[in-house]
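Enquirer:
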Amino acid sequence: MERSMLRVKQKRVALNSNHAVAYAVRDVDVDVIAAYPITPQTTIMEKLSEMVANGEIDAELIHVESEHSALSAVVGASAAGARVFTATSSQGLELMHEVLHIASGMRLPIVMAVPTRALSAPISIWNDYSDLMNTRDTSWITLIASTAQEVYDSIIQAYMVAEDPRVLLPVMVAYDGFLMSHTYEPLNIPEDPTAIRELVPRRDRITLDIDKPVTMGTITDPRWYYEIKYQQVKAMQNASLVLKETSKTLHEVLGRKYEPVEGYKMDDAEVAILTYGGLFGTVQEAVDIIRDKGLDIGAIRLRQWRPFPSEELTHLMHDIDTIIVIDRAISYGASIQGPVALEVYPIAARMGVHVFSVIAGIGQRTVLEKDIMGIVNKVLDYLDQGVIPLRSIYWGVRGGE
Amino acid sequence: MSSSLPSWSELPPGGIIVEPGNSVERHTGDWRTFKPIINNDKCIRCMLCWVYCPDGVIRIIDQEYVDSRGRKWDIILDIDYDHCKGCGICVEECPVDAIDFVEEVK
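Residue numbers (my numbering), protein chains in the order written: chain E, 6 to 406; chain F, 121 to 226.
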């Protein structure tokens, strides 16, 4: 009952995930925004431009000539102590790539929204997670949201985590381009953003200051570089803890609880389907249908991609025999080609759980409940034959095996 | 090899340099292959070496000097070899060839 005392008053609104981002950015009171338009990110910046023009946000909105410049501009602003925001998708995220490493290496608490999109060539403006998965080793904390509500909440949490002195790393909040970025959903947002601002107090960190000059992003010879990169390893470890703490706070204040991995009907499951983003809703529906047919199946949603929640996933996988990982990205030439499946594999191997890597939804090829059921049947066929293929299953590709 | 240096937790986050002006502690002179040596007898004190030096290592020293032609100077020029990288720009720019460039064998 004490918790409800803290809970803020909220209103029900209909927003797509891109607009949910804009409202969250407004509510945390950012100082500097820079971005370059790219589908499907563009409507975030359209909404933010509108909010800045209307005086709803007291921020500098910098129009830049590329995504490389967009991230560089917020790197500079963040180094000077500003609270910053940027957003991009697909090729834009690729163009930012070198600056992604600079942002994390300089330990700047930048927050970026990434409505995910397939990569060129051939050109596809539609969704998959190829762009996000290419950022795997950039030392950005990465959350993948499944609903517009979670997108709003995750942006708030991103600032809470990024700016924590134990962390000081940039955060990406990713979600399905188009399938979520342009799809309206009901969600609750605080009536008064003051409560949100109390969650993200302005905290001291070392910044560019003419009265106390510092040098950031300096050159380091072989005697220094390793220790500074090891700091990032430790910061990423700390991020796991801070994500947990801030999830608890958000639960108290907003009434919504997020876990690094979320189980659905896992209690008695022997087989689990693991996926991320908006596809989890479809998987949940399919799990219900398959359960009605008598198979003890459950589902796992990965929310926290970096840092990878190995312990929590181990706990969820405790009683299963088989895990099916559905990836919407391809790691070309890898042993198994689903990027998340590759991360699940060492955990499953220690537990003696079979891993099936499935590739689906590439370039937004539609994935419906019947596809999930088809994938499960295919995996059951393999298990009947006693075969665990050491390669991915390419679901729905014309002419595939 | 590096046990006397600070550990990762003792360094500011991201290796930020919080002590301004500490570049003098970095002795870049050991990058040098050729060493410029100013011949104060030939030197006409035009200061072009001081202007062109990208590292600011040309030192102007208040000291009386009489050259072999009998001309009196109030200063001599010298080089801070702890920080001279041996780029040779001063040698190239000197209008009277008063700077020798000698290979250093270490």
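Glycine is no exception: its CB is placed at the ideal position from the N, C-alpha and C atoms.
Listing by chain order, which chain E residues have their CB less than 9 Å from the CB of Trp128/F?
Expert: On the second sequence, residue 128/F is found 8 positions in, with the first residue counted as 1. Near Trp128/F (Cβ distances below 9 Å), the residues of chain E are Tyr231, Glu232, Ile233, Lys234, Tyr235, Gln236, Val238, Lys239.
Enquirer: Here's the rule: buried if 16 or more other CB atoms are within 10 angstroms of the residue's CB, otherwise exposed. What is Leu20/E?
Expert: The residue labelled residue 20/E in the question sits at position 15 within the first sequence. By the neighbour-count rule (16 or more Cβ atoms within 10 Å), Leu20/E is buried.
Enquirer: Once you ignore the five residues that flank Ala40/E on each side, which residues in its own chain have a CB closer than 6 Å to its CB?
Expert: The residue you call residue 40/E lines up with position 35 of the first sequence. These residues qualify, in order along the chain: Met50, Ala75, Thr91, Ala92.
Enquirer: Near Ile295/E, which residues of its chain fall below 7 Å by C-beta distance, leaving aside the five closest residues on each side in sequence?
Expert: Locating residue 295/E in the first sequence gives position 290, counting from the first residue. Cβ neighbours of Ile295/E beyond the five flanking positions: Ile302, Met378, Val381.
Enquirer: Name the chain E residues that come within less than 9 Å of Gly190/F, Cβ to Cβ?
Expert: By one-based count along the second sequence, residue 190/F stands at place 70. None at all; the shortest Cβ gap to chain E is about 49 Å.
Enquirer: Taking the alpha-carbon positions, what's the His223/E to Asp272/E distance?
Expert: By 1-based counting over the first sequence, the position of residue 223/E is 218. By 1-based counting over the first sequence, the position of residue 272/E is 267. For the sequence presented, residue 223/E should be read as Thr rather than His. Cα-Cα distance, rounded: 51 Å.
Enquirer: Determine, for Leu173/E, whether the minimum Cβ-Cβ distance to residues of chain F falls below 8 Å.
Expert: Within the first sequence, residue 173/E is the residue found at index 168, counting from 1. Yes, Leu173/E counts as interfacial toward chain F.
Enquirer: Go to Leu279/E, then tell me how far its alpha helix (DSSP H) extends in each direction, as first and last residue.
Expert: Counting from one through the first sequence, the residue named residue 279/E turns up at place 274. In this chain, Leu279/E is not harboured by any alpha helix (DSSP H); it is covered by the beta strand (DSSP E) spanning 276-280.
Enquirer: Please say whether Val358/E and Ala346/E have beta carbons closer to each other than 8 Å?
Expert: Locating residue 346/E in the first sequence gives position 341, where the first residue counts as 1. Locating residue 358/E in the first sequence gives position 353, where the first residue counts as 1. Against a cut-off of 8 Å, the Cβ pair of Val358/E and Ala346/E comes out as no contact.
Enquirer: With 7 Å as the C-beta to C-beta threshold (strictly closer), list the residues of the segment 126-155 of chain F near chain E in chain order.
Expert: Ser127, Trp128, Leu131, Pro132, Pro133, Gly134, Gly135, Ile136, Ile137, Val138, Pro140
Enquirer: Report the residues of the segment 217-228 of chain E with a CB closer than 7 Å to any CB of chain F, ordered along the chain.
Expert: Listed in sequence order: Pro218, Val219, Thr220, Met221, Thr223, Thr225, Arg228.
Enquirer: Check whether the segment 123-132 of chain E touches the segment 163-176 of chain E, taking contact to mean three or more Cβ pairs, one atom from each stretch, closer than 8 Å.
Expert: Too few Cβ pairs lie closer than 8 Å, so no.
Enquirer: Just to confirm the assignment, what range does the alpha helix (DSSP H) spanning Trp170/F have?
Expert: Within the second sequence, the letter at position 50 stands for residue 170/F. Its alpha helix (DSSP H) spans residues 168-172.
Enquirer: State the start and end residues of the unbroken beta strand (DSSP E) segment that holds Ser188/F.
Expert: Translated into positions along the second sequence, residue 188/F becomes position 68. Run containing Ser188/F: none; DSSP gives neither H nor E here.
Enquirer: Does the beta-carbon of Asp142/E have 16 or more other beta-carbons within 10 angstroms, so that it is buried, or is it exposed?
Expert: Counting from one through the first sequence, the residue named residue 142/E turns up at place 137. Classification for Asp142/E: exposed.
Enquirer: Of all the beta strand (DSSP E) runs that stay within the bounds of the segment 353-403 of chain E, which reach a length of 3 or more residues?
Expert: 359-364
Enquirer: Inspect the CB distances between the segment 283-299 of chain E and the segment 322-329 of chain E and report whether three or more fall short of 8 Å.
Expert: no
Enquirer: Quick one: what does DSSP say Glu61/E is sitting in, helix, strand or coil?
Expert: Taking the first residue of the first sequence as position 1, residue 61/E is located at position 56. Three-state result, Glu61/E: coil.
Enquirer: I need the boundaries of the alpha helix (DSSP H) containing Arg296/E, first residue and last residue.
Expert: As a first step, residue 296/E must be located in the first sequence, where it is residue number 291. Start and end: 284-297.
Enquirer: Select from Glu168/E, Asp136/E, Gln390/E, Val178/E the residue whose C-alpha is nearest the C-alpha of Gln154/E.
Expert: On the first sequence, residue 154/E is found 149 positions in, with the first residue counted as 1. It is Val178/E.
Enquirer: Is Asp81/E close to chain F? Criterion is C-beta to C-beta, closer than 8 Å.
Expert: Position 76 of the first sequence, counting from 1, holds the residue named residue 81/E. The displayed chain sequence assigns Gly, not Asp, to residue 81/E. Answer no: the Cβ-Cβ gap between Gly81/E and chain F never drops below 8 Å.
Enquirer: What in chain F is Cβ-close to Ile211/E, meaning under 8 Å?
Expert: For this step, residue 211/E is matched to residue 206 along the first sequence. Chain F residues near Ile211/E: Pro132, Pro133, Ile136, Val138.
Enquirer: With DSSP run on the structure shown, which of helix, strand or coil describes Asn243/E?
Expert: By 1-based counting over the first sequence, the position of residue 243/E is 238. Three-state DSSP puts Asn243/E in a helix.
Enquirer: Step through the CB atoms of chain F and report whether any lies within less than 8 Å of the CB of Met111/E.
Expert: Counted from its first residue, the first sequence places residue 111/E at position 106. Yes, Met111/E counts as interfacial toward chain F.
Enquirer: How long is the line joining the alpha carbons of Val166/E and Gly368/E, rounded to whole angstroms?
Expert: Residue numbering aside, residue 166/E sits at position 161 when the first sequence is read from its first letter. Residue numbering aside, residue 368/E sits at position 363 when the first sequence is read from its first letter. So the alpha carbons of these two residues sit roughly 32 Å apart.
Enquirer: Are the segment 165-176 of chain F and the segment 204-221 of chain F touching by the rule of at least three beta carbon pairs closer than 8 Å?
Expert: yes
Enquirer: When DSSP labels each residue in this structure, what does Tyr180/E get in the three-state scheme?
Expert: For the purposes of this step, residue 180/E is taken as the residue at position 175 of the first sequence. Tyr180/E: strand per DSSP, three-state reduction.
Enquirer: Using the three-state DSSP reduction, which class does Ala163/E fall into: helix, strand or coil?
Expert: Walking along the first sequence from the start, residue 163/E turns up at place 158. Helix at Ala163/E.
Enquirer: For Tyr349/E, is the classification buried or exposed, using 16 other Cβ atoms within 10 angstroms of its Cβ as the cut-off for buried?
Expert: Start at 1 with the first residue of the first sequence, and residue 349/E comes out as number 344. Residue identity check: residue 349/E is Val in the sequence provided, not Tyr. Buried, by the Cβ-count rule.
Enquirer: Jot down the residue ranges of each uninterrupted alpha helix (DSSP H) in the segment 194-226 of chain E, minimum 4 residues, whole runs only, in chain order.
Expert: Listed in chain order, they are 199-204.
Enquirer: Taking the runs of the alpha helix (DSSP H) that are 4 residues or longer, which of them lie wholly in the segment 314-339 of chain E?
Expert: 315-321
Enquirer: In the DSSP assignment, find the alpha helix (DSSP H) that holds Val342/E and state where it starts and stops.
Expert: Translated into the one-based positions of the first sequence, residue 342/E becomes position 337. Residue identity differs from the one stated: residue 342/E is Gln in this sequence, not Val. Careful: Gln342/E lies outside any alpha helix (DSSP H) and carries neither H nor E.
Enquirer: Are the Cβ atoms of Pro312/E and Met241/E separated by less than 8 Å?
Expert: Looking up residue 312/E in the first sequence gives position 307. Looking up residue 241/E in the first sequence gives position 236. Yes. Within cutoff.
Enquirer: Under the assumption that Ser340/E contacts Leu395/E (Cβ atoms under 8 Å), give the Cβ distance between them as a whole number of angstroms.
Expert: Counting from one through the first sequence, the residue named residue 340/E turns up at place 335. Counting from one through the first sequence, the residue named residue 395/E turns up at place 390. About 6 Å; that satisfies the 8 Å criterion.
Enquirer: Asp226/E to Ser125/E, Cα distance in whole Å?
Expert: Your numbering for residue 226/E matches position 221 in the first sequence. Your numbering for residue 125/E matches position 120 in the first sequence. Taking the straight line joining both Cα atoms gives about 37 Å.
Enquirer: Tell me whether Arg31/E sits in a helix, a strand or coil according to DSSP, three-state version.
Expert: As a first step, residue 31/E must be located in the first sequence, where it is residue number 26. Note: Arg31/E maps to helix in three-state DSSP.
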